[in-house]
Each structure stands twice: as structure tokens, then as C-alpha cells.
Amino acid sequence: MTKPLKIADNLVQVLITLYFIIYSLVREDSSQLINWYFFLGGWQLLSFLFHEFFDLSWRNKKERKNYGTCLLWIFITGSVLYVLAMLELPLIFFYLFAMLFAGPVLAIWYFMIGYREYVQIRHREFIHLK
Numbered sequence: 006m007t008k009p010l011k012i013a014d015n016l017v018q019v020l021i022t023l024y025f026i027i028y029s030l031v032r033e034d035s036s037q038l039i040n041w042y043f044f045l046g047g048w049q050l051l052s053f054l055f056h057e058f059f060d061l062s063w064r065n066k067k068e069r070k071n072y073g074t075c076l077l078w079i080f081i082t083g084s085v086l087y088v089l090a091m092l093e094l095p096l097i098f099f100y101l102f103a104m105l106f107a108g109p110v111l112a113i114w115y116f117m118i119g120y121r122e123y124v125q126i127r128h129r130e131f132i133h134l135k
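So this is what it looks like as C-alpha cells:
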């Protein structure tokens, strides 16, 4: 059951990426890459939550836990800086600037987690042939 989900998850991530890259090249509109940033990030967040709530990540629990902890700290930091921005202390701009660089790193990290899980499932399928 988990193998088709891993394939679908990774395939959707690749298709989202290809769609927005090709679309931005064909339309010569690089602003579409901003949409790609949010679509891919949204998909990965939904995928992460889906795996957590349905306990599908039995292979890479440690990696997924580290990823989830990182997301939690990013959320907490953003929330605290948002409250400080409401109190006229605009440190949130530094956070938003940092997220421009952290977002792609998180996207690659999550894709690699899913890919490693898929490779482990494939390896497990062929282990009886040894």
C-alpha cells in the first residue's frame, strides 16, 4: 500500500516542478516560479501531514521526525516574529528573507526523504531473491 503512495507523492512533486518550469519558459514569465514555490511547498506540507497522521513513514521515521521538528521550529520562529512585528519590532523581514533560501532546501530535503523511502521499499521487495 505504501509503495503506490510513495510513487505518487514523488511523481506529483516532479510534475509540479516540471509544469511550472516549462510554463514559465514557454510564457517567458518568470513570476510563475513564485507560484511553483508555494504549490510545491503546499504539496509537501500536505504530504508530510498525511504521512504523519496515517503513520505511513515506517521506514524513515528519524528523518521525518527531524524534518517535522525543523518545520515546527520554523513555524514557532515565524509566529514569534509576527507577534513582534505587531509590537512595532519588524524583525520578520529577516525571517522572510531567510525563508526564501530555506524553502528550497526544505523542498529538496523532503523529496530526498520520499525517494529514500521508495528505494528502501524497492530493496525490500527483492530481498527474498538473495
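Take the sequence shown: its letters are residues 6 to 135, numbered as in the numbering used here.
C-beta atoms are modelled at their ideal positions from N, C-alpha and C, and glycine is treated no differently.
Beta-carbon gap between residue i and residue j smaller than 8 Å
i, j, result
"Phe44", "Ile21", "yes"
"Asn65", "Ile118", "yes"
"Gly47", "Ala112", "no"
"Lys11", "Tyr115", "no"
"Phe53", "Trp41", "no"
Cα-Cα separation between residue i and residue j, rounded to whole angstroms
i, j, result
"Ile39", "Leu86", "23 Å"
"Arg143", "Met91", "The structure shown does not extend to residue 143, since the chain is modelled only from 6 through 135, so no value can be given for it."
"Ile27", "Lys67", "35 Å"
"Pro109", "Asn15", "16 Å"
"Cys75", "Phe106", "14 Å"
"Leu94", "Ile81", "17 Å"
"His56", "Ser36", "31 Å"
Contacting residues, own chain, Cβ-Cβ under 6 Å from residue i (five flanking each side not counted)
i, result
"Gln18", "Phe116"
Do the stretch 26 to 35 and the stretch 89 to 99 touch if we need at least three Cβ pairs shorter than 8 Å? Cβ pair count under 8 Å is below three, so no.
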